[in-house]
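Residue numbers (my numbering), protein chains in the order written: chain A, 1 to 118; chain B, 1 to 135; chain C, 1 to 509.
Built from N, CA and C at the ideal position, the CB exists for glycine as well.
This report concerns only the one structure given below.
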């Protein structure tokens with residue numbers, strides 16, 4: 001049940017991102033990129049089995065992995081991906097701000113035209 | 001810059017609280033959810049808040065060191081945390097532990113500290129120039 | 001051996017930290033960059049000497065055994081590429097100081113260049129798919145920053161499209177990784193390969209095939225393959241000259257390297273990938289070389305030639321088998337050296353004569369620079385006895401051996417058109433008499449970075465026999481997935497007697 005919900009949410013996020021990424025405004029592109037990374041992160045998260053009841057930490061003194069808990073590896077992967085996504089998005093935001101300032105517009109068609117004249 | 005006495009006054013006590021939360025998250029990450037990244041983000045948030053309400057100069061003053069030095073220190077600490085393992089002939093990043101009484105400290109904490117400084121530095125170095133750019 | 005495998009990553013990152021700390025002195029930053037990249041070259045050569053064509057070395061980060069942990073594995077190919085990557089960064093830093101005589105590149109230039117080197121070395125050494133993703137992102141973030149660093153509006157525009165396209169590629173890569181992990185339960189390359197072999201033998205490799213398709217698209221974008229190469233000619237001519245030379249040499253090749261690992265180790269025996277790559281390879285060759293033919297700006301012409309060369313590499317990967325992969329390995333090394341060299345000379349032309357060919361003229365009076373251009377240009381076109389001849393011959397020979405005559409035909413046509421482009425640049429920029437008298441002098445020291453790389457092409461061409469023997473054994477080794485798998489297991493038994501999953505318990509000290 002949980003897995004279905006998460007998969008559907010990931011799908012919805014990626015679909016929204018695909019729509020935004022086809023837009024003409026820089027802001028839409030950035031929002032699209034942000035939603036895309038979140039959707040993908042959720043998809044990876046769903047690839048480890050999802051057990052809402054137990055945390056994936058073995059109790060002290062255990063000699064083998066307890067059963068019935070989520071796989072911690074995808075969670076570690078997602079955490080890494082979130083960090084990376086944060087860095088890239090922050091950078092993209094700073095860049096777009098500069099573009100918007102220099103072109104005085106956030107319509108990519110207008111920006112591209114100015115680029116051809118320069 | 002947002003000139004608002006309300007935000008400015010609130011921040012004068014909120015910032016220390018936020019920094020404490022950031023440090024709490026950093027240390028909590030040792031055994032429980034939290035860690036250097038979450039802590040560093042909150043510290044970066046303080047820098048952004050101060051910069052956008054009380055001026056970039058104030059934000060730089062809170063940081064004390066230039067953001068790039070924060071990044072260098074953070075990356076350096078994170079890399080250095082891998083060296084004890086390497087130098088003792090084990091694999092790079094092998095954790096080394098020592099204890100003071102019941103408190104166990106180790107290289108993973110150094111790694112987390114490094115991440116904390118790195119994230120704070122990156123956030124500040126991306127956000128502060130943009131704020132200075134503003135008319 | 002343990003330390004030797006991890007140090008090509010560690011050293012540049014430490015160098016980046018040092019260079020960041022010395023941010024007020026560009027001269028000491030450049031010195032740090034030179035020493036660090038020289039260190040990477042030395043480490044790479046000693047790895048290469050220790051491993052030869054048959055050897056393998058492994059280190060498991062943090063002592064965590066595969067499949068829970070991440071392993072760095074070096075074979076001959078990784079060691080050679082690490083060496084070459086170090087050499088390219090070394091040359092670029094030296095070129096900026098000696099040839100362009102630019103004074104202050106901004107205090108982030110050298111740290112970013114070293115971070116890029118660390119990322120590239122990481123990508124070449126890792127044996128784990130997720131770790132490969134992380135290194136891709138390290139490369140990407142440092143290259144964005146290098147691209148946008150000077151802040152000219154043209155550069156910033158180029159980097160926005162570059163960032164967005166690469167972000168989509170990363171997203172596809174990550175979804176692919178999620179699917180691979182969900183299905184195979186591991187991300188160690190050789191383990192995935194083994195599980196895929198078992199699954200497809202049992203007739204249910206389908207879901208892994210889907211994941212590999214996503215990885216294929218992601219790697220193809222990074223490599224600049226048809227039809228996903230549009231970002232490359234749109235951005236490679238905008239950054240500063242030293243940076244675009246490094247990009248030209250190294251960045252797309254990381255994508256090609258990932259494709260090599262994908263077809264040989266992660267998805268061994270997945271014939272459909274190779275069938276797709278045959279078509280992509282041929283179209284990439286043609287589109288690249290035709291695109292170059294209708295450009296008139298030096299760095300744009302050279303950018304399109306990167307694409308056509310990527311086509312050769314992809315065609316070689318598509319043919320598959322030890323002989324073809326050996327040819328690809330040879331070609332890869334040849335291509336990095338030659339392409340960087342051409343971009344370095346292109347930077348000089350651009351600097352002293354302007355970007356477009358119609359304005360560039362009369363460079364032939366600089367004899368040394370002419371040599372530094374002609375050697376790699378002819379090598380790129382595949383004229384004997386330079387390294388490009390042996391490289392192209394290897395690919396064409398492998399294609400003929402596999403009865404892929406389409407590839408043979410396209411490769412020959414592309415070679416001819418490459419020669420046409422190179423002659424076009426030569427006639428316009430070097431032969432045409434100048435409108436005004438040349439004032440600058442290009443002596444031995446100023447051209448030495450370019451002449452050094454040109455000498456390497458000649459040596460590789462003359463020593464093609466031994467190099468080809470070496471790459472033949474590397475090509476054979478790469479196909480031996482079991483050797484890579486056993487490597488991790490043997491090491492695990494020595495370092496860690498407990499079975500892999502129990503080791504997770506240790507995370508509580």
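Asked, Found
"Of all the residues that make up the stretch 72-88 of chain A, which are near chain B by a beta-carbon distance shorter than 9 Å?", "79, 82, 83, 86, 87"
"From residue 492(C) to residue 212(C), what does the alpha carbon distance come to, in whole angstroms?", "With a pLDDT of 47 at residue 492(C), under the threshold of 50, the modelled position of that residue is not reliable, and no figure is offered here."
"Can you tell me where the alpha helix (DSSP H) with residue 6(A) in it begins and where it stops?", "2-21"
"Which one or two residues does DSSP pair with residue 107(A) in a beta bridge?", "25(A)"
"Rounded to the nearest angstrom, what separates residue 469(C) and residue 127(C) at their Cα positions?", "25 Å"
"Measure the C-alpha to C-alpha separation of residue 113(C) and residue 34(A) and round it to an integer number of angstroms.", "27 Å"
"For residue 297(C), name the three-state secondary structure that DSSP assigns.", "strand"
"Is it a yes or a no for the stretch 476-491 of chain C touching the stretch 62-73 of chain C, going by three-plus beta-carbon pairs under 8 Å?", "yes"
"Should residue 294(C) be labelled buried (16 or more other beta-carbon atoms within 10 Å of its own) or exposed?", "exposed"
"Nearest to residue 300(C) by CA position, among 156(C), 270(C), 244(C), is which residue?", "244(C)"
"What's the C-alpha gap between residue 142(C) and residue 31(B)?", "32 Å"
"Give the DSSP-derived three-state secondary structure of residue 90(B) in the structure shown.", "coil"
"With a threshold of 16 other CB atoms inside 10 Å of the CB of residue 88(B), please say whether the residue is buried or exposed.", "exposed"
"When DSSP labels each residue in this structure, what does residue 75(C) get in the three-state scheme?", "coil"
"Scan the stretch 91-105 of chain A for residues whose Cβ lies nearer than 9 Å to a Cβ of chain B and list them as they occur along the chain.", "91, 93, 94, 97, 98, 101"
"In angstroms with no decimal places, state the Cα-to-Cα distance between residue 13(B) and residue 45(B).", "15 Å"
"Can you look up residue 67(A) in the DSSP assignment and give me helix, strand or coil?", "coil"
"Do you know offhand how far residue 521(C)'s Cα is from residue 158(C)'s?", "Here chain C covers residues 1 to 509 and nothing more, so residue 521(C) does not appear."
"Specify, as a first and last residue, the run of the beta strand (DSSP E) that residue 99(B) falls within.", "97-100"
"Per DSSP, which one or two residues make a beta bridge with residue 57(C)?", "74(C)"
"Along the chain, where does the beta strand (DSSP E) containing residue 105(B) start, and where does it finish?", "103-106"
"Along the alpha helix (DSSP H) that carries residue 241(C), what are the first and last residues, could you check?", "241-246"
"Taking 9 Å as the threshold (beta carbon to beta carbon), is residue 235(C) in contact with chain A?", "no"
"Would you call the stretch 112-122 of chain B and the stretch 63-80 of chain B touching, i.e. three or more CB-CB distances under 8 Å?", "yes"
"Leaving aside the five residues before and after residue 51(A) along the sequence, list all residues of the same chain whose C-beta is less than 8 Å from its C-beta, in chain order.", "68, 69, 70"
"Residue range of the alpha helix (DSSP H) that residue 450(C) falls in?", "444-462"
"Helix, strand or coil, according to DSSP, for residue 128(C) in the structure here?", "strand"
"Rounding to the nearest angstrom, what Cα-Cα distance links residue 75(A) and residue 177(C) in this structure?", "13 Å"
"Please report the straight-line C-alpha distance between residue 524(C) and residue 252(C), rounded to a whole angstrom.", "Residue 524(C) falls outside the range modelled here, since chain C spans only 1 to 509, and no answer is possible."
"Under 9 Å, Cβ to Cβ, is there at least one residue of chain B near residue 493(C)?", "Confidence at residue 493(C) is low in this model, with a pLDDT of 43, below 50, so its placement is unreliable and the value that follows should be read with caution. Closer than 9 Å: no."
"So, for residue 110(A): in the same chain, excluding its five sequence neighbours on each side, which residues have a beta-carbon less than 8 Å away from its beta-carbon?", "103"
"Within the same chain, show all residues whose beta-carbon is closer than 6 Å to that of residue 473(C), passing over the 5 residues directly before and after it, in chain order.", "53, 54"
"How many Å lie between residue 48(C) and residue 391(C) at the Cα?", "20 Å"
"Please confirm if residue 123(B) has its CB atom under 9 Å from at least one CB of chain A.", "yes"
"Need the endpoints of the alpha helix (DSSP H) that residue 566(C) sits in, please.", "Only positions 1 to 509 of chain C appear in the structure, and residue 566(C) is not among them; the question remains open."
"Pull out every residue of the stretch 37-63 of chain B whose Cβ sits closer than 7 Å to any Cβ of chain A, in chain order.", "37"
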